[in-house]
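Reading through the structure tokens given below for one structure.
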Amino acid sequence: MPSRRSLFRVAVNVVLDGGLAALAVPLARWAAIPGAHWAPPAWMLLLGAAALLAGGLPFRLSTQYWRFAGIGDLLGVAGASAAGAALFALGLHAAGAPLPSESFPAIHGLMLLALLGVPRVAYRLARGHRPGRPAHAAPDADAQSVLLVGAGEDADLFIRALMQERRTSLRVVGLLALAARHTGRRIHGYPILGSTDDVGAVLDRLRAENRLPSTLVVTGQDLAGPTLARLLEEADHQGLQVRRAPRPTALHPAADRTGRHPAPPIELKPVAIEDLLNRPQVPLDREGMARLIQGRRVLVTGAGGTIGSELARQAAALGPDRLILLDNGEYALWQIDLELAESCPMVRREAVIADVRDEARIRAVLDAVRPELVFHAAALKHVPMVEANPLEGLLTNAAGTRYVADAARAVGALAMVLISTDKAVNPTSVMGASKRLAEMYCQGLDIAARAGPAGMRCVTVRFGNVLGSTGSVVPL
27 MPSRRSLFRV
37 AVNVVLDGGL
47 AALAVPLARW
57 AAIPGAHWAP
67 PAWMLLLGAA
77 ALLAGGLPFR
87 LSTQYWRFAG
97 IGDLLGVAGA
107 SAAGAALFAL
117 GLHAAGAPLP
127 SESFPAIHGL
137 MLLALLGVPR
147 VAYRLARGHR
157 PGRPAHAAPD
167 ADAQSVLLVG
177 AGEDADLFIR
187 ALMQERRTSL
197 RVVGLLALAA
207 RHTGRRIHGY
217 PILGSTDDVG
227 AVLDRLRAEN
237 RLPSTLVVTG
247 QDLAGPTLAR
257 LLEEADHQGL
267 QVRRAPRPTA
277 LHPAADRTGR
287 HPAPPIELKP
297 VAIEDLLNRP
307 QVPLDREGMA
317 RLIQGRRVLV
327 TGAGGTIGSE
337 LARQAAALGP
347 DRLILLDNGE
357 YALWQIDLEL
367 AESCPMVRRE
377 AVIADVRDEA
387 RIRAVLDAVR
397 PELVFHAAAL
407 KHVPMVEANP
417 LEGLLTNAAG
427 TRYVADAARA
437 VGALAMVLIS
447 TDKAVNPTSV
457 MGASKRLAEM
467 YCQGLDIAAR
477 AGPAGMRCVT
487 VRFGNVLGST
497 GSVVPL
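Per this note's numbering, residue 27 is the first one in the sequence shown, and the count goes up by one each step.
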């Protein structure tokens, strides 16, 4: 049920629209017959108001919020004006009063459109555009200067949301378009300074003008991959932050910005690592993973590394009977064990310090824990380091994989997943060759398992460059 305040606003709209409709009657007659002096009777003014209000019912004219009037509202005003003029002409005909001229209904409709539409637009501009200053205006003392990346609908919605804030939290210095053809144009008064290909030159120019922003705000939700990586690189060079604007659906709608409850400042989000992928993110098959992990003993080697620790997190969340974390690095192993103790306290865990190159130690550990599933992520991964220390790479990546696989098969493990690398494809480095040897050994074990009635399946998964890993190509 509408509140008293809402009913009061509707009543105010009815009075204002009715009064303007009554005023439109003498103005339309004067426009139809210039210079003629005519004082309309009171009943005719009431007829004009009633005709407009009745014609506006299908268009919900009386419930429009002037402060947020848009194209849809103006189209409703146009429809109500046409209907009101037609009803007024019919009313005059029913009352036996002649029309001032044949063109009067059309002139009357246009007069109604002007009298009803102009105040709505003026009120919207006066109330809604208040903080939307051009880029060269004096900023608020605590406003953060930003350069928007993207000059499409997302940027338009973002700026509109800023314009609705009573106290702007961000000061826009300009925009970067995705295409150079938009350079030189403006959106809500803010200039498009260049394209994303020109980001370096644009930032240098803003620095020279002492207008360098503190943050690049990516408004386009589809902007990702190499273009985003280039922006991150240039921002890092210039000492700027890069943030993402909220999704359009997360921006505070106009209906909530009535002025009685000031909207909170727009919160910018950090750029997610997956945004740098030049492809859609692949969703995980959670149900299939749960069927594989739930209620089983799971061993993760290299559990302190980037891939191993994430495998441990995912496995712990799926409810294994027991999770064994194995790594030769004490601190990394302690970190992931502590993290899982806080995030998954109900999961039984065991942190084991061991080196996969120590065959006797690996056999002893696996014989004690008897895993059903093994995720083998322990490896030396950095190409230059393995190139400089080839024997260490072969011992860890090739021999270590053999020791883990043999021990897992000996204790009756159901399956082992080898975490490999795309560098094992036609390898040109010692690291790639060592991982290829590990793959070939696991493939041989899997062929033997498939040939017999039972045996441990071996599966190899090749990773490319892992975003966010230690020594990552793109540090964030």
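Ideal Cβ positions, reconstructed from N, Cα and C, are used throughout, including at glycine.
Keeping to the same chain, check which residues put their C-beta closer than 6 Å to that of residue i; ignore five residues upstream and five downstream.
| i | result |
| --- | --- |
| Ile185 | His214 |
| Pro309 | none |
| Pro217 | Gly200 |
| Thr325 | Going by the sequence as given, residue 325 is Leu instead of Thr. Around Leu325: Ile350, Pro397 and Val400. |
| Arg30 | none |
| Asp448 | Arg488 and Gly490 |
| Gly330 | Asp353, Gly355, Ala358, Leu359 and Ile362 |
| Arg435 | Met482 |
| Lys461 | Asn423, Ser446, Thr447 and Ala450 |
Look up residue i in the DSSP assignment and give the residues it is bridged to.
| i | result |
| --- | --- |
| His402 | Thr327 and Leu444 |
| Pro296 | Arg269 |
| Val244 | Val175 and Arg270 |
| Val3 | Coverage of the chain is limited to positions 27 through 502, which leaves residue 3 absent and any answer about it impossible. |
| Phe489 | Thr447 |
| Tyr216 | Ile213 |
| Ile379 | Asp353 |
| Ser221 | Ala203 |
| Cys468 | The partner list for Cys468 (beta bridge, DSSP) is empty, contrary to what the question assumes. |
| Arg483 | Ala441 |
| Arg35 | Note: Arg35 sits in no beta bridge, so no partner. |
| Arg348 | Arg323 |
What does a CB cutoff of less than 7 Å around residue i pick up in its chain, not counting 5 residues either side in sequence?
| i | result |
| --- | --- |
| Phe114 | Leu73, Gly74, Ala77 and His134 |
| Lys295 | Arg269, Arg270 and Pro272 |
| Ala181 | Leu174, Leu201, Ile213 and Thr245 |
| Leu83 | none |
| Gly210 | Ile218 |
| Gly117 | Leu73 and Ala77 |
| Leu344 | Met315, Ala316, Ile319 and Gln320 |
| Ala57 | Ile133 and Met137 |
| Leu49 | Leu141 |
| Ser127 | Ala58 and Ile59 |
Is residue i near residue j, with beta carbons less than 9 Å apart?
| i | j | result |
| --- | --- | --- |
| Arg389 | Tyr429 | yes |
| Asn39 | Leu87 | yes |
| Thr427 | Ala464 | yes |
| Ala403 | Thr327 | yes |
| Arg146 | Ala95 | yes |
| Met466 | Ala431 | no |
| Arg256 | Val225 | yes |
| Ser335 | Pro239 | no |
| Ala54 | Phe130 | yes |
| Phe43 | Leu142 | A small fix is needed here, since residue 43 is Asp in this sequence, not Phe. Going by C-beta atoms, Asp43 is nearer than 9 Å to Leu142. |
| Arg383 | Asp347 | no |
| Phe85 | Gly105 | yes |
For my contact list, residue i and residue j are in at a C-beta cut-off of 8 Å; report their separation, rounded to the angstrom.
| i | j | result |
| --- | --- | --- |
| Pro1 | Ala439 | The question about residue 1 has no answer, for the chain in this structure spans 27 to 502. |
| Gln264 | Leu229 | 5 Å |
| Val437 | Leu392 | 5 Å |
| Leu138 | Ala111 | 6 Å |
| Val484 | Leu421 | Per the sequence shown, residue 484 should be read as Cys rather than Val. Contact doesn't hold; Cβ gap of about 20 Å is too wide. |
| Ala261 | Leu232 | The Cβ separation is near 13 Å, so there is no contact. |
Return the chain-ordered list of same chain residues with a C-beta closer than 8 Å to the C-beta of residue i, the five sequence neighbours on each side being excluded.
| i | result |
| --- | --- |
| Thr89 | Val36 and Asn39 |
| Ala342 | Leu349, Leu366, Ser369, Cys370, Val373 and Arg375 |
| Thr253 | Leu204 and Thr222 |
| Gly45 | Ala75 |
| Gly176 | Leu201, Leu202, Ala203, Leu204, Val244, Thr245, Gly246 and Leu249 |
| Ser123 | First, the amino acid is wrong: residue 123 is Ala here, not Ser. Correct list, in chain order: Met70. |
Going by the C-beta, is residue i closer than 8 Å to any heavy atom of the ligand MN?
| i | result |
| --- | --- |
| Leu138 | Questions concerning the ligand MN fall outside what the structure shown contains, since it holds no ligand whatsoever. |
Taking 9 Å as the threshold (beta carbon to beta carbon), is residue i in contact with chain D?
| i | result |
| --- | --- |
| Ile292 | The question asks about chain D, but that chain is absent: this structure has only one protein chain. |
Inter-stretch contact at 8 Å, needing at least 3 Cβ pairs: the region 365-380 / the region 416-434: no
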